[in-house]
Amino acid sequence: MRTKIPLVVCLAFGVIMFAQYFSNHTIARAVYNNILEWWQIIFAFTLFVGVAAFIKNNLKSISRGKKDTPYKIVSLIGLALMPLLAIIGGTRIGSPFLWSFENMLAPMQATVFSLLAFFVASASFRGFRARTVSATILLLTALIVLIGRIPLAEMISESLPKTTFWIQSYPSMAARRAILIGIGLGSMTTALRVILGIERTYLRGE
Numbered sequence: 071m072r073t074k075i076p077l078v079v080c081l082a083f084g085v086i087m088f089a090q091y092f093s094n095h096t097i098a099r100a101v102y103n104n105i106l107e108w109w110q111i112i113f114a115f116t117l118f119v120g121v122a123a124f125i126k127n128n129l130k131s132i133s134r135g136k137k138d139t140p141y142k143i144v145s146l147i148g149l150a151l152m153p154l155l156a157i158i159g160g161t162r163i164g165s166p167f168l169w170s171f172e173n174m175l176a177p178m179q180a181t182v183f184s185l186l187a188f189f190v191a192s193a194s195f196r197g198f199r200a201r202t203v204s205a206t207i208l209l210l211t212a213l214i215v216l217i218g219r220i221p222l223a224e225m226i227s228e229s230l231p232k233t234t235f236w237i238q239s240y241p242s243m244a245a246r247r248a249i250l251i252g253i254g255l256g257s258m259t260t261a262l263r264v265i266l267g268i269e270r271t272y273l274r275g276e
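Counting the sequence shown from 1 gives a position; the numbering used here is that position plus 70.
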């Protein structure tokens, strides 16, 4: 029963959500709106479960005295402090919550994204090696686009920004659409596997 009931619920809601796209009936729209309201409630519960699991895992790591214990403590303090600041002082301009967000959270996010940019640049340097004809074309195209996006591109050549625009509008857009079509087909396949009960990874690997 623990396996069959979730499969039946998943199948029923999957069929309902799929069928409502092909019906403009009042009942179908009402059912769709009700399910969306249920989804918001379920999302709130899953958020609570996620926060509880986050606290539990961090407390377990702190109790075991691992090397990253100081980071775990800072994470728990931040998790408790930000909601308290929002409740006590509100989220208006000049409030402690907004000050903490702009002067602590935003700089840390910028730091993480800066590190990510260096990792991407390093991976690109290793990947863009002109070993084959395809790799050479990819390398030259990437260099043209990168140089064409900077403000000094027009000083180098007037045709460079136009070439960059053409590459992004036609070859790059065609490849992007092909990737998006592949993502859409993969998402549809995964959704059908979940609805039909073929994919059961959410049932503890059943």
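Just so you know, even glycine gets a beta-carbon here, dropped at the ideal spot from N, CA and C.
Because the structure is a prediction, the values reported are computed rather than measured.
Contact set for residue i: own chain, Cβ-Cβ below 6 Å, skip 5 residues either direction
i           : result
residue 102 : 90
residue 98  : 90
residue 267 : 77
Per-residue burial, residue i [other beta carbons within 10 Å of its own, 16 or more giving buried]
i           : result
residue 73  : exposed
residue 230 : buried
residue 218 : buried
residue 234 : buried
For residue j and residue i, believed in contact at Cβ under 8 Å, the rounded distance
i           : j           : result
residue 161 : residue 168 : 6 Å
residue 132 : residue 139 : 5 Å
Beta-carbon proximity list for residue i, same chain, < 7 Å, skipping 5 on both sides
i           : result
residue 145 : 128
Residue i versus residue j - alpha carbon distance
i           : j           : result
residue 270 : residue 116 : 19 Å
residue 252 : residue 134 : 45 Å
residue 207 : residue 224 : 23 Å
residue 250 : residue 242 : 12 Å
residue 155 : residue 87  : 40 Å
residue 214 : residue 173 : 37 Å
residue 110 : residue 104 : 10 Å
residue 256 : residue 181 : 33 Å
residue 108 : residue 93  : 21 Å
residue 165 : residue 238 : 43 Å
residue 123 : residue 100 : 35 Å
residue 254 : residue 187 : 27 Å
residue 96  : residue 106 : 15 Å
residue 216 : residue 192 : 15 Å
residue 204 : residue 232 : 23 Å
residue 244 : residue 142 : 45 Å
residue 220 : residue 227 : 12 Å
residue 136 : residue 130 : 10 Å
residue 84  : residue 259 : 13 Å
residue 278 : residue 80  : A question about residue 278 goes unanswered here, because the residues of the chain that appear run from 71 up to 276.
residue 163 : residue 125 : 30 Å
residue 82  : residue 113 : 19 Å
8 Å CB neighbourhood of residue i in its chain, flanking five on each side removed
i           : result
residue 263 : 269
residue 121 : 149
Any non-hydrogen atom of the ligand NAP closer than 8 Å to residue i Cβ
i           : result
residue 240 : Among the components of this structure there are no ligands whatsoever, and the ligand NAP is therefore not found.
Exercise. Could you pull out every unbroken alpha helix (DSSP H) segment of at least 4 residues lying fully inside the stretch 226-270, listed in chain order?
Key: 229-239 and 241-265
Practice problem: Only counting runs of 4 or more residues, tell me where the alpha helix (DSSP H) segments fall wholly within the stretch 187-229, in order along the chain. | Solution: 203-218 and 223-226
Practice problem: Write down every uninterrupted run of the alpha helix (DSSP H) in the stretch 107-192 whose length is 4 residues or greater and which is fully enclosed by it, in chain order. | Solution: 139-159 and 166-170
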